[in-house]
DNA sequence: CAAGATACCTCGCCTGTCAAGGTATATTTT
DNA sequence: AAAATATACCTTGACAGGCGAGGTATCTTG
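Protein chains in written order, with my numbering: chain A, 4 to 110; chain B, 4 to 110.
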């Protein structure tokens, strides 16, 4: 059974930023990597992924550019911005706190 | 700064069940206890709490009865059902897994 | 008597997820 | 050569949960 999306909610943006904090990447690959790392227990659905990208872009946390593949499907690359790195660190800290708080409530 | 509600989402029902797994209780008190235990970093808003109760009741995870206070505001008590205890254990297990998965993705 | 605490509740908006649908190219299989 | 699969992108509209704002009623304290 894969992870309920409500447990992921609030972390999807952070997960995407995590991937981009290592290197520029594109939607399809980010998703594949997430699935590989979690043995497909976490999978961002297409629509979820792209609405997240739009949100991150709107908020200035990522920038985007088209890849120059001469062969194969075109790729839209994303790059994390300085602001994105800041928010990423904050989100990670908040996640640590949230984890501890929730754990303290579950008997 | 308190915990973003999107990080709690998916855990609110579980948190309520956690409280009820120790003893019958009522909305107002459950919320107070959550705030006390988390130094007010987690607070279930009124509307959130009561919509959660309705959901839990509909799903047969809690049952409810009116307290017999002869003084003060009336209290609606909730009691966790056997099914509720089952779901609670499942939710906790899923939370443990989700935590590990998310952590594995955050660098 | 006013204010605050206790205790319950509903309505309607907002946001994030996602099923379903679509486009286009390259590779592999039949 | 045609079909299937993989790569890669995107939009629309429905749905569910959270919650601001509003309400009711009782009791205690200043």
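For glycine and all other residues, C-beta sits at the position ideal for the given N, C-alpha and C.
Computed from a predicted model, the values in this text were never measured in an experiment.
Host beta strand (DSSP E) of residue i (start-end)
{"i": "residue 79 of chain A", "result": "79 to 83"}
{"i": "residue 66 of chain A", "result": "65 to 69"}
For residue i, the first and last residue of its enclosing alpha helix (DSSP H)
{"i": "residue 51 of chain A", "result": "49 to 61"}
{"i": "residue 19 of chain B", "result": "15 to 25"}
{"i": "residue 39 of chain B", "result": "30 to 40"}
{"i": "residue 5 of chain B", "result": "Looking at the DSSP string, residue 5 of chain B is not in any alpha helix (DSSP H), and its letter there is neither H nor E."}
Check whether residue i and residue j have beta carbons under 8 Å apart
{"i": "residue 58 of chain A", "j": "residue 16 of chain A", "result": "yes"}
{"i": "residue 95 of chain B", "j": "residue 11 of chain A", "result": "no"}
{"i": "residue 77 of chain B", "j": "residue 67 of chain B", "result": "no"}
{"i": "residue 6 of chain A", "j": "residue 38 of chain B", "result": "no"}
{"i": "residue 20 of chain B", "j": "residue 83 of chain B", "result": "yes"}
{"i": "residue 34 of chain A", "j": "residue 47 of chain A", "result": "yes"}
{"i": "residue 87 of chain B", "j": "residue 56 of chain B", "result": "no"}
{"i": "residue 81 of chain A", "j": "residue 28 of chain A", "result": "yes"}
{"i": "residue 54 of chain A", "j": "residue 41 of chain B", "result": "no"}
{"i": "residue 102 of chain B", "j": "residue 102 of chain A", "result": "yes"}
{"i": "residue 69 of chain A", "j": "residue 14 of chain A", "result": "no"}
Within-8 Å CB hit, residue i to chain A
{"i": "residue 84 of chain B", "result": "no"}
{"i": "residue 9 of chain B", "result": "yes"}
{"i": "residue 101 of chain B", "result": "yes"}
{"i": "residue 37 of chain B", "result": "yes"}
{"i": "residue 97 of chain B", "result": "yes"}
{"i": "residue 25 of chain B", "result": "yes"}
{"i": "residue 6 of chain B", "result": "yes"}
{"i": "residue 45 of chain B", "result": "yes"}
Residue-level contact to chain B via CB, residue i, 8 Å cutoff
{"i": "residue 110 of chain A", "result": "yes"}
{"i": "residue 14 of chain A", "result": "yes"}
{"i": "residue 104 of chain A", "result": "yes"}
{"i": "residue 41 of chain A", "result": "yes"}
{"i": "residue 61 of chain A", "result": "no"}
Under 7 Å from the C-beta of residue i: neighbouring residues of chain B
{"i": "residue 21 of chain A", "result": "108, 109 and 110"}
Residue i: CB within 7 Å of a non-hydrogen atom of the ligand MG
{"i": "residue 83 of chain B", "result": "The ligand MG is not part of the structure shown, which contains no ligands of any sort."}
Neighbouring residues, chain A, relative to residue i (Cβ below 9 Å)
{"i": "residue 67 of chain B", "result": "Chain A residues near residue 67 of chain B: none, gap ~21 Å exceeds 9 Å."}
Residue i: contacting residues in chain B (beta-carbon distance under 9 Å)
{"i": "residue 18 of chain A", "result": "105, 108 and 109"}
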